[in-house]
Amino acid sequence: MSKSFVVRTVAVVAVAMLSLAGCAPAPDAPGADGGGEQFCARMVTNSGGLDDRSFNDASWKGMQDAAGQFGIDVDVLVSTSETDLAPNMQQAVDTGCGFILTVGYELTPATIEQAASNPDVDFAIVDDVADAPNIKPLVFDTAQAAFLSGYLAAGVSTTGKVATFGGGNQPPVTLFMDGFVDGVAKYNEVHGTAVVALGWDKQTQDGVFTGDFEDINKGLTVTQGLIDQGADVILPVAGQVGEGAARAALDSGGRASVIWVDTDGYDVLAPEFRPVLLTSVLKNTGDAVVTIVKSSIDGEFDNSPYIGTLENGGVDIAPFHDLAGKVTAELSAEIDALRADIISGAVTVTSPSTPR
């Protein structure tokens, strides 16, 4: 029996019971034992699918953690193309669940439409802002963490050139790129160096893009071109396309390393890529999802945006893992001090795409 048939059957039974009883009981609030078995939550991925080693994976992990902590039923509807988005949103709503999480700007129109039609359902969207009473945006000031990664990249570069590229010219992407090039500029300011950041011009808000987030070969080709121009540290902000960047770095024979985004690439990519992973610009999406699911269970959900920062632990950079030997103690200490300065406000990281 298919999962969709079961869901439809449960929905029909629920409607029948409602008509007989006159009203349905409210979902159980999670008690001391993590109860709340009557509450359910659904997630809809963007067209990158679930195994993107990026924000879909991280969001789903948060949903699974919520299921374990609160004893609720969760499931995910996986989109593999843009044509899946609206039907998957409708299917998620049709389950009758009290909370629906959507991932990525592609789902913004469908999320707004369904939220307007279902005012009693709590919606949250990752990486975009939608203005509605029952939609909570989960956004991350990744420029702050990318600033640290740019400073790091400039500090370990031996060629005096580093680079970044994106999957598309969209605020959640360019926010990383803005922070990265500003971090490189900060290193130059502090050390009197002239490390060049290829691939992005913050002033014009234009640079190198592959045009999608799935084609690994595009990431390979773009990164090979950047390495040929002398870049020895590359930040791809392009979902699965970034795996192509890691492949190009690996094929370069040690000439280049890569900075991953969203999750720790050391954990999600194939182990063969670990020798070229310098660090990752992290978004702590999972913990944010857990917190927001709990607010929905407890009846405390609101639509004020969650903004992940260095201060609240929503963003940061990952350990240096196998490439720790390339990072001097002095450089590591400078990065720690820079993190503290950003948190205190002594250093301000700005971008046209900074979430508000």
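Numbering (mature numbering (1 follows the signal peptide of the UniProt record, and there is no 0)), first residue to last: -26 to -1, 1 to 330.
Cβ coordinates follow ideal geometry from the N, Cα and C atoms, glycine included.
The secondary-structure analysis by DSSP pairs Leu75 across a beta bridge with Met17, Ala98. Under DSSP, Leu194 takes part in no beta bridge, so it has no partner. Comparing alpha carbon positions, the residue from Gly72, Val267, Asn62, His295 closest to Glu80 is Asn62. Put simply, the segment 136 to 151 touches the segment 188 to 206. At least three CB pairs are less than 8 Å apart. Residues Val136, Val155, Val158 of the same chain have their beta carbon placed closer than 6 Å to that of Ala171, with the five preceding and five following residues left out of the count.
Taking every protein chain shown into account, the CB of Gln88 has 16 or more other CB atoms within 10 angstroms, so this residue is buried.
For the pair Ser33 and Val250, the CB atoms are not nearer than the 8 Å cut-off. Thr253: member of the beta strand (DSSP E) spanning 251 to 257, first to last residue.
In summary, Glu246 is exposed, with fewer than 16 beta-carbon neighbours lying within 10 Å of its beta-carbon over all protein chains present. In this structure, Phe73 places its C-beta atom within 8 Å of the C-beta atom of Ser270. Within the same chain, and ignoring the five residues on either side of Trp174 in sequence, the residues whose Cβ sits closer than 6 Å to its Cβ are Thr138, Met151, Val155, Gly181.
A residue is called buried once 16 or more other Cβ atoms fall within 10 Å of its Cβ, and Ser28 is buried on that count. In the DSSP annotation of this structure, Thr133 is not part of any alpha helix (DSSP H), being labelled neither H nor E. Going by DSSP, Val211 is part of the beta strand (DSSP E) stretching over 207 to 211. With respect to the 8 Å criterion, Phe97 and Gly142 are not classified as neighbours on the basis of their beta carbons. Of the residues assessed, Ser318 falls on the exposed side of the cut-off, its CB having fewer than 16 other CB atoms within 10 angstroms. If you ignore the 5 residues before and after Gln179, its C-beta comes within less than 7 Å of the C-beta of Thr148, Pro326, all in its own chain and listed in chain order. Rounded to whole angstroms, the gap between the alpha carbons of Val242 and Gln214 is 11 Å. DSSP, reduced to helix, strand and coil, places Val301 outside both helices and strands of the structure shown, so it counts as coil. Note that the C-beta distance between Lys300 and Gly282 is not below 8 Å. A distance below 8 Å separates the beta carbons of Leu284 and Asp290. Distance from the CA atom of Asn108 to the CA atom of Glu56, rounded to whole angstroms, is 24 Å. Shown here for Phe114: same chain residues with a beta carbon closer than 6 Å to its own, the five before and five after excluded, namely Lys257, Gly282, Gly288, Val289 in chain order. By the 16-neighbour rule on beta-carbons within 10 angstroms, Gln177 is exposed. Pairing Ser278 with Lys110, the inter-Cα distance amounts to about 6 Å.
Of the candidates Thr116, Asn30, Val130, Lys35, Asn30 places its Cα closest to the Cα of Thr76. Boundaries of the alpha helix (DSSP H) around Ile86: 82 to 91. For Tyr125, DSSP records no beta bridge to any residue. Non-local beta-carbon contacts of Thr133 in its own chain, meaning distances under 6 Å to residues more than five positions away in sequence, involve Gly204, Asp206 in chain order.
Counting only runs of 3+ residues, the beta strand (DSSP E) found wholly inside the segment 214 to 243 occupies 231 to 236, in chain order.
The Cβ atoms of Phe187 and Gly153 lie no closer than 8 Å to each other.
DSSP places Gly140 in the strand class (E or B) of the three-state scheme.
The residues Leu194, in chain order, have a CB closer than 6 Å to that of Arg221 in the same chain once the five nearest residues on each side in sequence are set aside. For the pair Asp101 and Thr82, the Cα-to-Cα distance works out to about 10 Å.
For Val155, the enclosing alpha helix (DSSP H) stretches over residues 145 to 165.
Distance between Val48 and Asp39, taken at the CA atoms: about 10 Å.
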